[in-house]
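Participant:
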Amino acid sequence: MSERIEDWGLAPDIGQCRLCGATEAQRHFWPEVYAGSGQQLRRCGYCAAVYLAPGFTEAGLARFYAGPYRRLFPAEVPWNSISRFFAWRGDVEVARQRLSLIAPRLPRNGHLFEMGSGFGAFLGQAAALREDLQLSASEPDLSHRGTLLDQAKVDFVDALANLPDNSLDGIVAFHVLEHLIDPRGFLEQAASALRTGGQLWIEVPDLMADWRTRLFVHPAHLSYFSADNLRRLAEAAGLEVLYCGPHTLPSLDGTLWLEARRPERLAGSPMAPADAMSVNTIDRWIERVGWGWKDRIKVQAKRVALALLGPGLVGELQRWRQHRGSREKSPR
Ligand SMILES: [Zn+2]
């Protein structure tokens, strides 16, 4: 067991909540079965955070993304045609939709930063729609981050902390917070980097969305947010929450959308406790997710498919299904 944990680059298990740091009332549910990393799904009885423990070390997490990540998630691996890869993923279309919510709130010549810009679709569209904006971003995947930037001029920095305080008008982070070892630390940095009145937009998967298999939980997602605990986390980081709830775009059903603003006086505080009813609701939500023979067969079938077809083709099939599903959802 200890050998396996070392392979995954996991930190020692200190029994502490990822969001609030509490060590009491941490409930274990079940082991992570997507990849068998040796992590467990836990819930904090104080702040109602749901997270995987033990967490990764910084070096372990970097190794994970450089190595097993793409093998575990074949939908991230292109096959034959790069243009079809992006068309079926829908990166550009989703970027346009997100921008329709964000761009009207950004001042003329404003400075917008994206944490974890991925293939660059959002920045590419932002530059096309709003030539006046100054764009910067942080994205560790150096070889792919320029793919969808198009003509956008983006200043890449190693970390948000490298930018001066009070310098940004907007920060976006789509599907990033759940990957971070220290989500609260990131929100605090974001709050400091924003100017008074500057805004932050966060998108994460919704723990309370309708997931029915333990495969929803996997080692790349270290935290599982509900609207309630995401709101309290942002408030603890000193932000004023303008909206936190189910995404307002139908195509992003199943995700949460947080819109927050930096107030004039920035004061962080300990995370407010969750009420007993919320903790209970979360417990029941997770308890209802079983692990039957169908799930086990699915895992085996995926392993066989990966061995026979390779991650490229398996990913292509997954993307095709996603593409077909999103076409059915979108009005035309
Ligand atoms: Zn907690």
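The opening residue of the sequence shown carries number 0 in numbering that gives the first Met the number 0; numbering runs sequentially from there.
Quick reminder that beta carbons are idealized off the backbone N, C-alpha and C, glycines included.
#1: Looking at the C-beta of A219, does it have a partner C-beta in chain C at a distance below 8 Å?
#2: Please return the same chain residues whose Cβ sits closer than 7 Å to the Cβ of R88, not counting the five positions on each side in sequence.
#3: Along the chain, which unbroken stretches of the beta strand (DSSP E) at least 3 residues long are found entirely within the stretch 106-174?
#4: When you compare the stretch 163-175 with the stretch 207-218, are there three or more beta-carbon pairs, one atom per stretch, that lie closer than 8 Å?
#5: Pairs of beta-carbons, one from the stretch 88-108 and one from the stretch 120-135, closer than 8 Å: are there three or more?
#6: In chain order, what residues place their C-beta within less than 6 Å of a heavy atom belonging to ligand 1?
#7: Counting C-beta neighbours from all protein chains within 10 Å, is the total for N228 16 or more, i.e. buried, or is it exposed?
#8: In whole angstroms, give me the CA-to-CA distance for V93 and S250.
#9: Under the assumption that Q39 contacts V91 (Cβ atoms under 8 Å), give the Cβ distance between them as a whole number of angstroms.
#10: Kindly list the residues whose CB is nearer than 8 Å to the CB of L132, restricted to its own chain and excluding five residues on each side of it in sequence; keep chain order.
#11: Please return the same chain residues whose Cβ sits closer than 7 Å to the Cβ of P272, not counting the five positions on each side in sequence.
#12: With distance defined between alpha-carbon atoms, name the residue in G309, D181 and L312 nearest to L60.
#13: Counting only runs that start and end within the stretch 267-308, where is the alpha helix (DSSP H) found for 4 or more residues in a row?
#14: P218 and L51: beta carbons closer than 8 Å?
#15: If you check the beta carbons only, do L390 and L159 fall under 8 Å apart?
#16: Considering only the alpha carbon of each residue, which of E23, D12, L18 and F118 lies closest to G37?
#17: Helix, strand or coil for G324? Go by DSSP, reduced to three states.
Facilitator: The relevant details are as follows:
#1: Of the chains in the structure shown, none is chain C; there is only one protein chain.
#2: Reading the sequence shown from its first residue, position 89 is the one you call residue 88. Hits under 7 Å: R318.
#3: Segments of the beta strand (DSSP E) lying fully in the stretch 106-174: 110-114, 133-137, 153-155 and 167-173.
#4: Contact between the stretch 163-175 and the stretch 207-218 is absent, because fewer than three Cβ pairs lie under 8 Å.
#5: Judged by Cβ distances under 8 Å, the stretch 88-108 makes contact with the stretch 120-135, as three or more pairs qualify.
#6: Residue list for ligand 1: C16, L18, C19, A21, C43, Y45, C46 and A48 (CB closer than 6 Å to any heavy atom, chain order).
#7: Looking up residue 228 in the sequence shown gives position 229. The residue in question, N228, is buried, as its Cβ has 16 or more Cβ neighbours within 10 Å.
#8: Your numbering for residue 93 matches position 94 in the sequence shown. Your numbering for residue 250 matches position 251 in the sequence shown. Spanning the two alpha carbons is a distance of roughly 8 Å.
#9: Numbered from 1 along the sequence shown, position 40 holds the residue referred to as residue 39. Numbered from 1 along the sequence shown, position 92 holds the residue referred to as residue 91. So it is not a contact: roughly 38 Å between Cβ atoms.
#10: Start at 1 with the first residue of the sequence shown, and residue 132 comes out as number 133. Cβ-Cβ distances below 8 Å link L132 to L105, N108, G109, H110, L111, A125 and A126 in the same chain, with the five nearest sequence neighbours on each side left out; the list follows chain order.
#11: Counting from one through the sequence shown, the residue named residue 272 turns up at place 273. Once the five neighbours on either side are set aside, the close Cβ partners of P272 are Y45 and C46.
#12: Taking the sequence shown and counting its residues from 1, one reaches residue 60 at position 61. Comparing Cα positions, the closest option is D181.
#13: Entirely contained in the stretch 267-308, the alpha helix (DSSP H) runs reaching 4 residues are, in chain order, 275-286.
#14: By one-based count along the sequence shown, residue 218 stands at place 219. By one-based count along the sequence shown, residue 51 stands at place 52. Yes. Within cutoff.
#15: This structure does not reach residue 390, given that the chain is present from 0 up to 331, and the question cannot be answered.
#16: Within the sequence shown, residue 37 is the residue found at index 38, counting from 1. Minimum Cα distance to G37 is reached at D12.
#17: One-based indexing of the sequence shown puts residue 324 at position 325. Helix, per DSSP.
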